[in-house]
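First residue of the sequence shown: 13, per the working numbering; consecutive thereafter. Glycine residues also receive a C-beta, built at the ideal position from the N, C-alpha and C atoms. This one's a predicted model, so the numbers in the text were calculated from it and none came from an experiment.
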Amino acid sequence: MIDKRMLKGVYQSARPANVPTLITNAAVAIACVLGAERLDVGVMDWGNFAYVVVMGLCFYLYGMWGNDQMDARWDAKHYPQRPVPSGAVGAGTLRMLSLLAAMSGLVLSTVLGGDIVVGILLVIVIAVYNMVHKVYRWSVLLMGASRGLWVILAGSVVGGAIIGGTDISQMLMYYGLSLFVWTMVISIVARKESQNVTSQKAVKMLLSGMCLFDALWLWGLGVDWWWMAVVLWGGICGLQRWGCRST
Numbered sequence: 013m014i015d016k017r018m019l020k021g022v023y024q025s026a027r028p029a030n031v032p033t034l035i036t037n038a039a040v041a042i043a044c045v046l047g048a049e050r051l052d053v054g055v056m057d058w059g060n061f062a063y064v065v066v067m068g069l070c071f072y073l074y075g076m077w078g079n080d081q082m083d084a085r086w087d088a089k090h091y092p093q094r095p096v097p098s099g100a101v102g103a104g105t106l107r108m109l110s111l112l113a114a115m116s117g118l119v120l121s122t123v124l125g126g127d128i129v130v131g132i133l134l135v136i137v138i139a140v141y142n143m144v145h146k147v148y149r150w151s152v153l154l155m156g157a158s159r160g161l162w163v164i165l166a167g168s169v170v171g172g173a174i175i176g177g178t179d180i181s182q183m184l185m186y187y188g189l190s191l192f193v194w195t196m197v198i199s200i201v202a203r204k205e206s207q208n209v210t211s212q213k214a215v216k217m218l219l220s221g222m223c224l225f226d227a228l229w230l231w232g233l234g235v236d237w238w239w240m241a242v243v244l245w246g247g248i249c250g251l252q253r254w255g256c257r258s259t
């Protein structure tokens with residue numbers, strides 16, 4: 013029989029409210045490499061786009077499940093209602109799921125033609141972050157790097173090798189760097205979320221605001237349907253209000 017409580021715990025541990033940001037991240041990365049005209053609704057390869065998003069989701073789940081597994085003791089003290097300390101799901105289960113997600117992401121990125129070096133580096137950065145982020149303040153750099161590497165990997169799928177070759181999109185590198193800074197700021201603010209409500213609200217705003225950040229990038233790149241990123245931002249805000257976990 014399926015353990016519904018465990019499934020709910022796995023779902024909550026994934027921080028599902030943030031998943032739409034992967035869609036907007038992928039859209040900007042592809043636009044940086046291929047140009048706005050290739051992202052026209054009637055021209056874009058939506059199947060390949062979906063695969064890129066799923067690839068990003070695998071790495072995202074690897075990070076989220078691994079984070080809750082590593083933070084089990086800390087959460088028991090500060091957030092006893094979270095999946096692991098509440099007993100909804102075991103740390104061992106999340107460890108296995110996170111490893112499966114990491115392997116799935118690497119396999120999918122390889123099949124899609126992504127840069128394997130960037131993929132492996134992304135897995136390493138996420139793992140190190142989850143191990144040290146409660147101890148070292150500089151770990152915010154790793155958090156920023158994880159998002160930056162993810163969009164560079166997404167861009168490499170449609171634009172060829174980034175690290176191993178010469179087909180480097182300068183605009184993609186700029187976007188990766190800007191997303192690195194945005195995510196690092198979120199991580200810095202999140203360090204105080206267990207201490208006051210204001211920080212908790214700020215983190216949620218910054219997380220959902222990533223879609224607005226991407227909307228500005230899409231608009232600047234000339235993508236006609238930039239407004240879809242704004243719609244997804246509204247969706248995240250709605251999910252957060254309904255109690256869907258994002259932090």
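Contact between VAL64 and ALA166 holds, with the beta-carbon distance rounding to 5 Å and staying under 8 Å. Between ALA29 and GLN252, the C-beta spacing is below 8 Å. Assigned with DSSP and collapsed to three states, PRO92 falls in coil, not helix or strand.
Going by DSSP, ALA29 is part of no alpha helix (DSSP H) at all; its letter is neither H nor E. GLY75 places its beta carbon 8 Å or farther from that of LEU34. In this structure, ALA41 lies away from VAL129, with their beta-carbon atoms at least 8 Å apart. Contact between ASP80 and LEU106 holds, since their C-beta atoms are separated by about 6 Å, short of 8 Å.
A Cβ-Cβ separation of about 6 Å places SER158 in contact with TYR141 under the 8 Å criterion. By the 16-neighbour rule on beta-carbons within 10 angstroms, ARG94 is buried. With the rule of 3 Cβ pairs closer than 8 Å, the segment 15–25 does not count as touching the segment 212–229.
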